[in-house]
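Numbering (our numbering) for the sequence shown: 16 to 535.
Scroll down for the structure; my scribbles are underneath it.
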Amino acid sequence: MHAGPALRVALACLLLCQSLPAAFAATVTPTAVTGTVQLDRPGPVIPPELYGQFMEQLGTGIDDGIWVGPGSAIPNTRGYRNDVLAALKALKVPLLRWPGGCYADIYHWRSGIGPRAQRPVTLNRWWGNKEEHNGFGTHEFFEFAELVGARTFLNVNVGTGTPREAAEWVEYITSPTNSTLARERRRNGRDAPWKIDFLGIGNEPNGCGGRMRAEWFADQFRQYVGFIAPHGGTTFIASGPDATSAEWTRTTMEIAGQHLDAFSMHYYTLPTGDWTVKGPATGFDEAQWRATFEQTYRIEPMIREQRAIMDEFDPEAKKALVIGEWGTWYDPTPGSPGGWLQQQNSLRDGLVAAANFNIFHRHAERLRVAGIAQMVNVLQAMILTDGPRMVLTPTYHAFALYRPFQGATALPLALHSPAYGSLRAVDGSAARGADGTLHLALVNLDPRTPMDVSLALPGWHGQRVSGQVLTADAIDAHNTFDAPDVVRPAAFDGARVADGALTATLPAKSLVVLALEPID
Ligand code: AHR
């Protein structure tokens, strides 16, 4: 391959940009990005469950957002909104997590079974003290997962529950026997048992899950898994705290390591990093745009730290790291009910999602499950609803563009990029699908400067490339019920493949996802 002008600029940048402060690099505004996709070094298969979704009994995350009940005027299938269901099926959601979150540790499963009219009304102490009518319970969750085509991730109550309550719930759900609990499930309308693919014990036990210390929680974890016996097996997940803590992870691995299959961390992106004033979802300036990405990229050293601790105890990576909750958390939409965590979703969120996916792919050897918080109407949602109306967010579109990465084989992507703040302006990931297609995702965080990308693809002989781009005019561009298509993917024809190299110009503030066809 000849070193063309773009490559020469890139080589100069490689030498300059890495040794000079970001401020200087920014003043010379280099726009060339170079790199290599290492096709001969296939990595792990990207678990589809990295694209999981979290749904909690919180605000309109489930009631109104997913579940309207069979008698609703909103078109529905046995109570589930048809519009939301269709959108989620199109997204190929691989995994659903329920009932919380903090709610898991105040949820008692018997409130959510049996005839709906007779279910108790309970108070949601964590989320606005909302009256919960429990119309969406165990049967509704597992039927919903079947309709969506997703695997299941259930969290049992440790904070206000007991091992007995958890064990009985699991028996009710999974037992094929004629036990009293299995017969009760059948009387309530479900003959065949369901499978619990992932079982979380507690949630954020240091905080809303019971203000526990790591030692106390680890001992309780051992006790719970000793009594819970899911038919058909499950992956037992030990919950981590509400922020990553090396000490907590180490204690869990020491005390409960031999009893767990996975360990879960949570991390939220707050533009300011300050829980008292997080920053607005729209109407922000470029400083907050940049700060948001700087905050989101903090997850990568956290993952590395968690991996390193798990490696000490489990060098063969038999046990998985889970990111049970991730996503943006802003100041709530002005005027929205307290504790409902409603926020708009802009182009920034779509790019935050993409940035996280690229990071997740890099760690897929150990990181095997993730759940964005949350699926509908809450925090960084895919979907917003208002009565009968529904709108898809930029985050939804980012998930849709990354669908081909589910189950593809990760490939190392070495990138040299100009800086944007303390970050690389351009980040990305690559993977090879089962049919041989090479998938490339590239994110340009710089909101003003397009980037010329030149990637070596040693050993690649195909020439056909197609792509899609997610971008918009404004950094806070977003979709509303009246203008639902302000931010949506468009065809991208700015990429070329020739002589084993790819060139493309990424628009400013964009996500570009490319599919390179192999030669037959
Ligand atoms: O997603 C909202 C809340 O954030 C969850 O309930 C809790 O686990 C976390 O603190």
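Glycine included, each C-beta is placed from N, C-alpha and C at the ideal position.
As the crow flies, the alpha-carbon of Gly50 is around 35 Å from that of Lys104. Between Leu65 and Gly116 a beta carbon distance of about 19 Å is seen, past the 8 Å cut, so the two are scored as non-contacting. Look at Asp514 here: in three-state DSSP terms it is coil, with no helix or strand label.
Beta-carbon to beta-carbon, His454 and Phe420 are separated by about 6 Å, close enough to satisfy the 8 Å threshold.
DSSP links Asn91 through a beta bridge to Arg96.
Beta-bridge partners of Leu438 (DSSP): Tyr435.
Set against 7 Å, the gap from the CB of Ala388 to the closest heavy atom of the ligand AHR is smaller. In the DSSP annotation of this structure, the continuous segment of the alpha helix (DSSP H) that includes His376 starts and ends at Leu362 to Arg377. The beta carbon of Asn360 sits no closer than 7 Å to any heavy atom of the ligand AHR. For Asp234, the uninterrupted alpha helix (DSSP H) segment begins and ends at Ala229 to Phe242.
DSSP places Phe308 inside the alpha helix (DSSP H), whose first and last residues are Glu301 to Thr311. Distances from the alpha-carbon of Leu106 to those of Tyr118, Ala530 and Leu416 put Leu416 closest. Sixteen is the threshold: when 16 or more other Cβ atoms of the shown chains lie within 10 Å of the Cβ of Ile318, as they do, the residue is buried. In this structure Ile534 is exposed. Its beta-carbon is surrounded by fewer than 16 other beta-carbon atoms within 10 angstroms.
Following the DSSP letters along the chain, one finds Thr266 inside the alpha helix (DSSP H) bounded by residues Ala261 to Ala271. Beta-bridge pairing by DSSP links Ala506 to Gln483.
If you look at Asp326, you'll find it in the alpha helix (DSSP H) that goes Ile314 to Phe328. Taking the C-beta atoms as reference points, Glu340 is found nearer than 8 Å to Ala388. Nearest neighbour of Thr520 by Cα position, chosen from Asn459, Val501, Ala505 and His476, turns out to be Asn459. Check the Cα spacing between Trp475 and each of Gly509, Glu532, Arg439 and Thr167: the tightest is with Glu532. Secondary structure of Arg56 (DSSP, three-state): coil. With a 10 Å radius around the Cβ and a threshold of 16 neighbouring Cβ atoms, Glu71 comes out buried. Taking 7 Å as the cut-off, one finds no heavy atom of the ligand AHR near enough to the beta carbon of Tyr417. Taking the Cα positions, Gly204 is about 10 Å away from Arg198. Around the beta carbon of Thr307, a 10 Å sphere encloses 16 or more other beta carbons of the protein chains shown; the residue is thus reported as buried. Rounded to the nearest whole angstrom, the C-alpha separation of Arg418 and Ile89 is 29 Å. Residues of the same chain with a CB within less than 6 Å of the CB of Phe236, apart from the 5 flanking positions on each side, are Ile216, Ala253 and Ala271 in chain order. Here the distance from the Cβ of His281 to the nearest heavy atom of the ligand AHR is below 7 Å. Asp364 has its Cβ no nearer than 7 Å to any heavy atom of the ligand AHR. Shown here, Val501 sits in coil according to DSSP, grouped into three states, outside any helix or strand. Nearest to Ala229 by C-alpha distance, out of Ala261, Arg202, Ala244 and Trp209, is Ala261.
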